[in-house]
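A.B. asks: Encoded as C-alpha cells, here's the structure I'll be asking about.
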Amino acid sequence: MDTIHIRGGNRLNGSIQISGAKNAALPLLTAALLTGEPLRLGNVPRLTDIRTLTKLLGVLGTVITRASDDHADTLTLTTPEILSTTAPYEIVSQIRASFWVLGPLLTRCHYARVSLPGGCAIGARPVDLYIKGLQKMGAEIDLVDGYVVANAPGGLKGAVIRSPMVSVGATHTLMMAATLADGETVLENAAREPEVTDLAHCLVAMGAKITGIGTSTLRIEGVEKLHGATYNVIADRIEAGTYAIAAAMTGGDVTLEGVEGETFEAALSVLRAAGAEVETPQGSVRVMRNGARLQATDVVTQVFPGFPTDLQAQFMALMTMAEGESEITETIFENRFMHVQELARFGADISLHGDKALVRGVEVLKGAPVMASDLRASAALIIAALAAEGETIINRVYHLDRGFERIEAKLSACGAEIWREKA
Ligand code: EPZ
Numbered sequence: 003m004d005t006i007h008i009r010g011g012n013r014l015n016g017s018i019q020i021s022g023a024k025n026a027a028l029p030l031l032t033a034a035l036l037t038g039e040p041l042r043l044g045n046v047p048r049l050t051d052i053r054t055l056t057k058l059l060g061v062l063g064t065v066i067t068r069a070s071d072d073h074a075d076t077l078t079l080t081t082p083e084i085l086s087t088t089a090p091y092e093i094v095s096q097i098r099a100s101f102w103v104l105g106p107l108l109t110r111c112h113y114a115r116v117s118l119p120g121g122c123a124i125g126a127r128p129v130d131l132y133i134k135g136l137q138k139m140g141a142e143i144d145l146v147d148g149y150v151v152a153n154a155p156g157g158l159k160g161a162v163i164r165s166p167m168v169s170v171g172a173t174h175t176l177m178m179a180a181t182l183a184d185g186e187t188v189l190e191n192a193a194r195e196p197e198v199t200d201l202a203h204c205l206v207a208m209g210a211k212i213t214g215i216g217t218s219t220l221r222i223e224g225v226e227k228l229h230g231a232t233y234n235v236i237a238d239r240i241e242a243g244t245y246a247i248a249a250a251m252t253g254g255d256v257t258l259e260g261v262e263g264e265t266f267e268a269a270l271s272v273l274r275a276a277g278a279e280v281e282t283p284q285g286s287v288r289v290m291r292n293g294a295r296l297q298a299t300d301v302v303t304q305v306f307p308g309f310p311t312d313l314q315a316q317f318m319a320l321m322t323m324a325e326g327e328s329e330i331t332e333t334i335f336e337n338r339f340m341h342v343q344e345l346a347r348f349g350a351d352i353s354l355h356g357d358k359a360l361v362r363g364v365e366v367l368k369g370a371p372v373m374a375s376d377l378r379a380s381a382a383l384i385i386a387a388l389a390a391e392g393e394t395i396i397n398r399v400y401h402l403d404r405g406f407e408r409i410e411a412k413l414s415a416c417g418a419e420i421w422r423e424k425a
C-alpha cells in the first residue's frame, strides 16, 4: 500500500485551485439514470469514489465518455435504457453514495434492488429515512439478503414527507424519486447543504419542477420525462476548508481559487475567531496567519449552514497547537473521533467525553507513523504533520484518494515537503 510522507515545519504560501465537490458530483452522476438523454457534467473531480460510482452506473446501463483538461473531467453520461435494476453488494459496499441510485431506478423502472450501503466507518449510518420516505410515496419495500427490494407498480406517487432528522442522502434520493412521480412531493426538514442545492439546480436544468431550492422545504411537481442537460459541479467546500485550516496551522498565506466563501462561512468564521485572517473576494478565499499562536475555539458540528462534520477532524488537528482548551462537539455522527488516537501519536493532548472532545493545545507536535481511519481523518493527519517537527508517515492513504484530488501536488506547490511512496 502507498504511504504519504511529510517533513513538517514549512509555511504554506501560494494558491490552490479547488476541485469540483465529490459530494456534489456523486448524486449528480446518479441523476443520469433519470433520463435516456445525455447528461454532461463538467468540473468532475478525479477521485476513486467517482470511479467506483461510474463503475456501478456502467452495470446499470449508463454509457460514459470522458474528456479531461488540466483541472477536471467532463463526463457525458447517457442511459438509453436501464439494463439492470440491481445495484450489487460488491460495489455499493465500497461507497455509500451508490445507495442513492435507489431513487432514480425506482422512479424510472418502478422496481429496484439495491444492496445496503457501506462507506466511511463513522457511525451506524442507517437508511430508515430513505425507506420511510419511499414507502410514503407508495413503494413496497422489503429487506432480502442484505438488499433493499423496492416495488412501485404503477409508479411512485407524490406525498408530503416530513423527516424527523436532516439527512443529505435521503434528501438526494427522495428528490430524485419525486421528479418522475405522479403529483407533488413536499420534502419537509430537507437538507440544505450546497450539494443538495447543486443537485436540485441540475435536475431543474433536466426539466424537473422544483421550488424552495436552498430552503428546508422542497416542493417537487412530478413530470412525465426528464431530458439531457449540461451542468458544472460546484467547488468542493470541504477541500477548501481543509486547505484553509492547513494554511492557518502552518502560519502561511494561501489563496483558494474557484470557491465561494459563503459555502463554508461557518468554518471561516471559526478560523477568524481563532485568530486567522480571512478575506473573501468573489470567487476565492484568502487565509493568513502571521506569527501569533491561534486561540483555542469551541466548535459544534451542525447541518448546513452550521459547522460541517466533514471538517471536524481537520479543525481538531488545528486546535492541538492552539493556546488553551477547546471543546469540539460532534452532533451528526456518533463515532467520528477515530482520528483522536492517531493525533495523540503526534503528542496531541485530547480526551473524549461522549460526543465531546476536549483538546488542550500543546506547543510542539512531533512527526510519527500514523494510520488513516477514514477520509476526513486522513486530512487531519496531514494537517498535524505539516506543522509537526520531523517526518510523518501516513499509512492507508487510499482513504485520502477517495476524496482529495492531487493533495500532494497541491500542497507541495505551496511549499510543503510532502511526497508519496508507491508500494
Ligand atoms: C453525506 O452523508 C456526506 N456523504 C457525508 O460526507 C457527510 O458527512 C454527511 O452527508 C453529513 O453532511 C456524501 O455526500 C457522499 P446524512 P450521508 O444522511 O448522506 C443519520 C465525507 O467524508 N441518518 O446526512 O450519508 C445518519 O446516521 C462523507 O465526504 C439516519 O439516522 O449523511 C447521520 O447520523 C462522510 N437515517 C445523520 O443522519 C437515515 O436514513 C446525517 O447523515 C439517514 C441518515
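Numbering (this note's numbering), first residue to last: 3 to 425.
Ideal placement from N, C-alpha and C gives every residue a C-beta, glycine not left out.
Remember, predicted model here, so these are calculated numbers, not experimental data.
#1: Which residues does DSSP pair with P371 in a beta bridge?
#2: Only counting runs of 4 or more residues, tell me where the alpha helix (DSSP H) segments fall wholly within the stretch 152-238, in order along the chain.
#3: For R274, does the three-state DSSP call read helix, strand or coil?
#4: Can you determine whether any heavy atom of the ligand EPZ sits closer than 7 Å to the C-beta of M177, and answer yes or no?
#5: Do A89 and G44 have their C-beta atoms within less than 8 Å of each other?
#6: Confirm the yes/no value for this check: CB of T50, any heavy atom of the ligand EPZ, distance under 7 Å.
#7: Could you compute how far the alpha carbon of A192 sits from the alpha carbon of A425?
#8: Expressed to the nearest angstrom, what Euclidean distance is found between the alpha-carbon atoms of R53 and G60?
#9: So G405 is in the alpha helix (DSSP H); what residue range does that whole segment cover?
#10: Inspect the CB distances between the stretch 206-214 and the stretch 243-253 and report whether three or more fall short of 8 Å.
#11: Is L158 closer than 8 Å to T109 when the C-beta atoms are compared?
#12: Can you name the start and end residues of the beta strand (DSSP E) that K57 belongs to?
#13: For F309, write down the residues that DSSP places opposite it in a beta bridge.
#14: Taking all protein chains shown into account, do 16 or more other C-beta atoms lie within 10 angstroms of the C-beta of I124, making it buried, or fewer, making it exposed?
#15: Can you tell me where the beta strand (DSSP E) with S414 in it begins and where it stops?
#16: Here's the rule: buried if 16 or more other CB atoms are within 10 angstroms of the residue's CB, otherwise exposed. What is P47?
#17: Where E407 and A23 are concerned, what is the direct C-alpha to C-alpha distance, given to the nearest angstrom?
#18: In this structure, what does DSSP give as the bridge partners for E329?
#19: With which residues is I2 paired in a DSSP beta bridge?
#20: Since G253 contacts R404 with CB under 8 Å, what's their CB separation in whole angstroms?
#21: Give the range of the alpha helix (DSSP H) segment to which I385 is assigned.
#22: Report buried or exposed for G260, applying the criterion of at least 16 other Cβ atoms within 10 angstroms of its Cβ.
#23: Under 8 Å Cβ to Cβ from N397, same chain only, skipping five residues before and after it: list those, please.
C.D. replies: Judging by the given coordinates:
#1: As a first step, residue 371 is located in the sequence shown; it is residue number 369 there, counting from the start. Paired residue(s): I395.
#2: Taken in chain order, the unbroken stretches of alpha helix (DSSP H) that lie wholly in the stretch 152-238 and span 4 residues or more are 170-181, 196-207.
#3: Here the question's residue 274 lines up with position 272 in the sequence shown. Helix at R274.
#4: The residue labelled residue 177 in the question sits at position 175 within the sequence shown. It does not: the Cβ of M177 is nowhere closer than 7 Å to a heavy atom of the ligand EPZ.
#5: Counting from one through the sequence shown, the residue named residue 89 turns up at place 87. Counting from one through the sequence shown, the residue named residue 44 turns up at place 42. Their beta carbons are not under 8 Å apart, which means A89 does not touch G44 by this criterion.
#6: Counted from its first residue, the sequence shown places residue 50 at position 48. Answer for T50: no, Cβ out of range of the ligand EPZ.
#7: Position 190 of the sequence shown, counted from the first residue, corresponds to residue 192. Position 423 of the sequence shown, counted from the first residue, corresponds to residue 425. The alpha-carbon of A192 is positioned some 44 Å away from that of A425.
#8: Residue mapping note: residue 53 aligns to position 51 of the sequence shown, counting from 1. Residue mapping note: residue 60 aligns to position 58 of the sequence shown, counting from 1. Separation of R53 and G60 (C-alpha to C-alpha, rounded to the nearest whole angstrom) is 11 Å.
#9: Taking the sequence shown and counting its residues from 1, the one referred to as residue 405 is at position 403. Start and end: 400-405.
#10: Not touching, per the Cβ criterion.
#11: The sequence position of residue 109 within the sequence shown is 107, counting from 1. The sequence position of residue 158 within the sequence shown is 156, counting from 1. Cβ atoms of T109 and L158: closer than 8 Å.
#12: What you label residue 57 is simply residue 55 of the sequence shown in a count that begins at 1. Looking at the DSSP string, K57 is not in any beta strand (DSSP E); the run it does join, the alpha helix (DSSP H), is 50-62.
#13: As a first step, residue 309 must be located in the sequence shown, where it is residue number 307. The partner list for F309 (beta bridge, DSSP) reads T303.
#14: For the purposes of this step, residue 124 is identified with residue 122 of the sequence shown, where counting begins at 1. The predicted position of I124 is uncertain, since its pLDDT is 48 and thus under 50; a value taken from the coordinates is nonetheless stated next. Label assigned to I124: buried.
#15: As a position in the sequence shown, residue 414 is number 412, starting the count at 1. Per DSSP, S414 lies in no beta strand (DSSP E); the unbroken alpha helix (DSSP H) holding it starts and ends at 409-414.
#16: Here residue 47 refers to the residue found at position 45 when the sequence shown is read from its first residue. By the C-beta density criterion, P47 is buried, having at least 16 other C-beta atoms within 10 angstroms.
#17: If you number the sequence shown from 1, residue 407 lands on position 405. If you number the sequence shown from 1, residue 23 lands on position 21. The alpha-carbon atoms of E407 and A23 are separated by roughly 10 Å.
#18: Counting from 1 along the sequence shown, the entry for residue 329 is found at position 327. Paired residues: L360.
#19: For residue 2 there is no data in the structure shown, the boundaries of the chain being 3 and 425.
#20: The residue given as residue 253 occupies position 251 in the sequence shown. The residue given as residue 404 occupies position 402 in the sequence shown. About 29 Å; that fails the 8 Å criterion.
#21: Counted from its first residue, the sequence shown places residue 385 at position 383. Its alpha helix (DSSP H) spans residues 377-389.
#22: Taking the first residue of the sequence shown as 1, we reach residue 260 at position 258. With 16 or more other Cβ atoms within 10 Å, it is buried.
#23: Residue numbering aside, residue 397 sits at position 395 when the sequence shown is read from its first letter. Closer than 8 Å at Cβ, skipping near neighbours: M3, T5, P371, V372, M373, A374.
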